[in-house]
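Numbering (full-length UniProt numbering), first residue to last: 1 to 689.
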């Protein structure tokens, strides 16, 4: 018990609990502390101590904190009561109508709704009081309890009375419990300062609690049970609740006690984490200090270079202005140049005068021009040396620690599973950038007992990746996370992709026969075919609309299948008028190539053996062809198709972006052409692509 003192300390007064109240948030607080907290928040609370007639309510035995707080004056209490306060503890000042009391829990920092009764609706935690008392006795910190009725000097109390809620010495007990009176029937107890009732009482009806409401998770008495507030609630006897909670608590405690090695290991791990946190925090501080110091050094260097540029310009301008001043000073009357010119004019020797006057005349002309067109040699303004640091200030204001990338978003329109899984993603709009990504995937198997380990592709550059070497007819789950200097971000939502039911067959379109080149054109890579607009296409459309003839253009692959299962996929333009996709026997195709290309449509010829009802189904006799009819963004379904229930009319389904075809050659020599749907599941929702 010596190690559990922190469990017995009130979060408000930091002392051991005294008359603790159980809050709805599963925390405890002293009754006196709770009253003080409500008073600080503007609620009026009644005196949490015992009745005034009780000896325990004397000023000598009250809480020291209550003794320090001044008692409200009677006139002030009268004003408060007249302003609308009822008898419930915790009524808000200045309110007339009943209101709920909000108590800020000091442990969980949440506002707890106490209802209209405030603290009066809370149960007293008698179990916690008993634990506190046993703890005090164990560590021998309980001070001597003095008699509450002795005149000074007080004697040590030897008996207590639960009915009187007081402690007495032997003489005082006899004095206050005289023979022949009702008090003489009171049973003495050991002396204490916290007198508890014999059982837990309902705070509203003062009745002993006998049941437990599972709906409200609250103990109730017989009167509470019949009230409307507990109508249709699940109420059980308190004995049943006691047994159930005791069993749960025993099991949980046994598990904790049996996991002491695990607890010690986790504590050691946490302590190691604390050490790493201290070291890494110091390193982070040092790195930030160095970076900021580097910025300051660069700013200082930049400041010195800018000031030097201003200084050089200033000196250059001052030199020009000083030279100009000297030139103007030379034009003064008592200057040397003017006096020298006057002396030259006194020369009478013509050749000598000409020689001297020629040099002097040039100086006089320059001085005259300078005088007539005067302008300072340099401007005094330095406006072109102003700095615009608004952008730099914004950058410095936005300077903050980098954050990890947000969870990527899978692009379901571009992601698909074929012979490989092509996975595409993007970052949210305001996400920090990512340097690279990690793609994780694993195969899901409902029959397997445990989950398979994730396989990784690390340091993926860009926003797409190929996942190869996959099993056929399997479901794979994939996820992505980004990484930058701050570390790894959150994973994207899991995406589930179903691989093809058979090995993928790779082939090219044969461009040698089977179609009219005036109407169709095959791409250079022999992977696509398109219609050629023009007069031949118009004639073919006219024959289709005005007669029972079809212009048949057959485009075949360059590979023949002779065994096993094969799978391939194709895309059809939703604007196509009429396209058939499927498989056919090679012998029948050779016969087809030898007849004219404008033939009677099998759909209108009852003797052709090509009933449209045989398309996309399995029949007893293998048909020569199995085609899926597509047109105008729809797929035509036969009456025997499994997809008929999707459409109210049972005729068509929307055309998906990709159509998968699976051929099982050995299955009774039958030809099967099925529309393979690609399902992309993200976060538990399936999307048909």
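For every residue, glycine included, the Cβ atom is placed at its ideal position computed from N, Cα and C.
Being a predicted model, the structure only gives us computed values, none of them experimental.
List the residues that DSSP assigns as beta-bridge partners of residue 455. Residue mapping note: residue 455 aligns to position 455 of the chain shown, counting from 1. In the DSSP assignment, the residues bridged to residue 455 are 441.
Check this for me: beta carbons of residue 212 and residue 129, under 8 angstroms apart or not? The sequence position of residue 212 within the chain shown is 212, counting from 1. The sequence position of residue 129 within the chain shown is 129, counting from 1. For residue 212 and residue 129, no; Cβs fall outside 8 angstroms.
Residue nearest to residue 557 in terms of C-alpha spacing, selected from 565, 574, 579, 584: Translated into the one-based positions of the chain shown, residue 557 becomes position 557. Of 565, 574, 579, 584, the residue nearest in Cα terms is 584.
According to DSSP, residues forming a beta bridge with residue 189: Residue 189 sits at position 189 when you count from the first residue of the chain shown. Beta-bridge partners of residue 189 (DSSP): 160.
Grab me the residues of residue 100's own chain with a C-beta within less than 8 angstroms of its C-beta, minus the 5 sequence neighbours each way, in chain order. Position 100 of the chain shown, counted from the first residue, corresponds to residue 100. The residues are 113, 114, 115, 116.
Going by alpha carbons, who is nearest to residue 572 out of 397, 629, 102, 238? By 1-based counting over the chain shown, the position of residue 572 is 572. Ranking 397, 629, 102, 238 by Cα distance to residue 572 puts 629 first.
Are the region 181-188 and the region 230-243 touching by the rule of at least three beta carbon pairs closer than 8 angstroms? With the rule of 3 Cβ pairs closer than 8 angstroms, the region 181-188 does not count as touching the region 230-243.
Endpoints, the alpha helix (DSSP H) within which residue 571 is located: Locating residue 571 in the chain shown gives position 571, counting from the first residue. Annotation: residue 571 is outside any alpha helix (DSSP H) and is labelled neither H nor E by DSSP.
With DSSP run on the structure shown, which of helix, strand or coil describes residue 4? As a first step, residue 4 is located in the chain shown; it is residue number 4 there, counting from the start. DSSP places residue 4 in coil when its eight states are reduced to three.
Residue 206 burial status per 10 Å Cβ neighbour count (16 or more: buried): Against the chain shown, residue 206 aligns to sequence position 206. With fewer than 16 other Cβ atoms from the protein chains shown falling within 10 Å of its own Cβ, residue 206 counts as exposed.
If we cut at 8 angstroms on Cβ distances, does residue 566 have a partner in chain D? In the displayed structure, chain D is absent; only one protein chain is listed.
Going straight from the alpha carbon of residue 620 to that of residue 577, what length do you get? If you number the chain shown from 1, residue 620 lands on position 620. If you number the chain shown from 1, residue 577 lands on position 577. Only weak support is given to the placement of residue 620: the predicted model assigns it a pLDDT of 46, under 50, and the question is left unresolved by the model.
Going by C-alpha to C-alpha distance, which of 440, 279, 529, 504 sits closest to residue 490? Within the chain shown, numbered from 1, the residue matching residue 490 stands at position 490. The shortest C-alpha separation from residue 490 is found at 440.
Verify whether the separation of the beta carbon atoms of residue 124 and residue 21 is less than 8 angstroms. Along the chain shown, read from residue 1 onward, the residue named residue 124 stands at position 124. Along the chain shown, read from residue 1 onward, the residue named residue 21 stands at position 21. Yes. Within cutoff.
I need the straight-line Cα distance from residue 570 to residue 502, nearest angstrom please. Taking the first residue of the chain shown as position 1, residue 570 is located at position 570. Taking the first residue of the chain shown as position 1, residue 502 is located at position 502. Their Cα atoms are separated by approximately 15 angstroms.
Compare the Cα-Cα distances from residue 200 to each of 525, 238, 159, 437 and report the closest residue. If you number the chain shown from 1, residue 200 lands on position 200. Ranked by Cα distance from residue 200, the options 525, 238, 159, 437 are led by 238.
Rounded distance between the beta-carbons of residue 406 and residue 428, thought under 8 angstroms: For this step, residue 428 is matched to residue 428 along the chain shown. For this step, residue 406 is matched to residue 406 along the chain shown. Confirmed, about 5 angstroms.
According to DSSP, is residue 125 helix, strand or coil? Here residue 125 refers to the residue found at position 125 when the chain shown is read from its first residue. In the displayed model, residue 125 falls within coil according to three-state DSSP, outside both helix and strand.
The alpha helix (DSSP H) that contains residue 251, what's its start and end? By one-based count along the chain shown, residue 251 stands at place 251. Going by DSSP, residue 251 is part of the alpha helix (DSSP H) stretching over 238-258.
Short Cβ contact (8 angstroms threshold) for residue 321 with residue 377: Locating residue 321 in the chain shown gives position 321, counting from the first residue. Locating residue 377 in the chain shown gives position 377, counting from the first residue. Closer than 8 angstroms, so yes.
Simplified DSSP assignment, three categories, for residue 208: For this step, residue 208 is matched to residue 208 along the chain shown. Residue 208 falls in the strand class under three-state DSSP.
Measuring alpha carbon to alpha carbon, tell me which residue in 555, 493, 162 is nearest residue 522. Within the chain shown, the letter at position 522 stands for residue 522. Of 555, 493, 162, the residue nearest in Cα terms is 555.
For residue 499 and residue 472, I'd like the C-alpha separation in whole angstroms. Along the chain shown, one-based indexing puts residue 499 at 499. Along the chain shown, one-based indexing puts residue 472 at 472. Separation of residue 499 and residue 472 (C-alpha to C-alpha, rounded to the nearest whole angstrom) is 6 angstroms.
Buried or exposed by the 16-neighbour rule on C-beta atoms within 10 Å, applied to residue 177: In the chain shown, counting from the first residue as 1, residue 177 sits at position 177. Buried, since its Cβ has 16 or more Cβ neighbours within 10 Å.
Just how far apart, CA to CA, sit residue 236 and residue 5? Reading the chain shown from its first residue, position 236 is the one you call residue 236. Reading the chain shown from its first residue, position 5 is the one you call residue 5. The alpha-carbon atoms of residue 236 and residue 5 are separated by roughly 34 angstroms.
Would you identify the three-state DSSP class for residue 515, choosing helix, strand or coil? Along the chain shown, read from residue 1 onward, the residue named residue 515 stands at position 515. Residue 515 carries a coil assignment under DSSP once its states are collapsed to helix, strand and coil.
My guess is that residue 139 and residue 167 are in contact by the Cβ rule of under 8 angstroms, so how many angstroms apart are they, rounded? For the purposes of this step, residue 139 is taken as residue 139 along the chain shown, with counting starting at 1. For the purposes of this step, residue 167 is taken as residue 167 along the chain shown, with counting starting at 1. Incorrect: roughly 21 angstroms between the Cβ atoms, too far for contact.
According to DSSP, is residue 660 part of a helix, a strand, or is it coil? Residue 660 sits at position 660 when you count from the first residue of the chain shown. The three-state reading of DSSP puts residue 660 in strand, counting E and B together.
Is the number of C-beta pairs between the region 475-483 and the region 402-420 that are closer than 8 angstroms three or more? Below 8 angstroms, enough C-beta pairs join the region 475-483 and the region 402-420 to call them touching: three or more.
Going by Cα to Cα distance, which pick from 436, 445, 438, 465 is closest to residue 414? Working through the chain shown from its first residue, we reach residue 414 at position 414. Ranked by Cα distance from residue 414, the first of 436, 445, 438, 465 is 465.
Span separating the alpha-carbon of residue 416 from that of residue 519: Numbered from its first residue, the chain shown carries residue 416 at position 416. Numbered from its first residue, the chain shown carries residue 519 at position 519. Residue 416 and residue 519 have their C-alpha atoms some 32 angstroms from each other.
So the candidates are 267, 316, 575, 565; which of them puts its Cα closest to the Cα of residue 661? To locate residue 661, count along the chain shown from 1; it is residue 661. Nearest to residue 661 by C-alpha distance, out of 267, 316, 575, 565, is 565.
For residue 392, the nearest candidate out of 426, 352, 323, 295 (CA to CA): On the chain shown, position 392 is the one that residue 392 refers to. For the residues 426, 352, 323, 295, the minimum Cα distance to residue 392 belongs to 295.
How long is the line joining the alpha carbons of residue 147 and residue 181, rounded to whole angstroms? Your numbering for residue 147 matches position 147 in the chain shown. Your numbering for residue 181 matches position 181 in the chain shown. When only Cα atoms are considered, residue 147 and residue 181 end up about 22 angstroms apart.
According to DSSP, simplified to helix, strand and coil, what is residue 298? Mapped onto the chain shown, residue 298 falls at position 298. Secondary structure at residue 298: helix, using DSSP grouped into helix, strand and coil.
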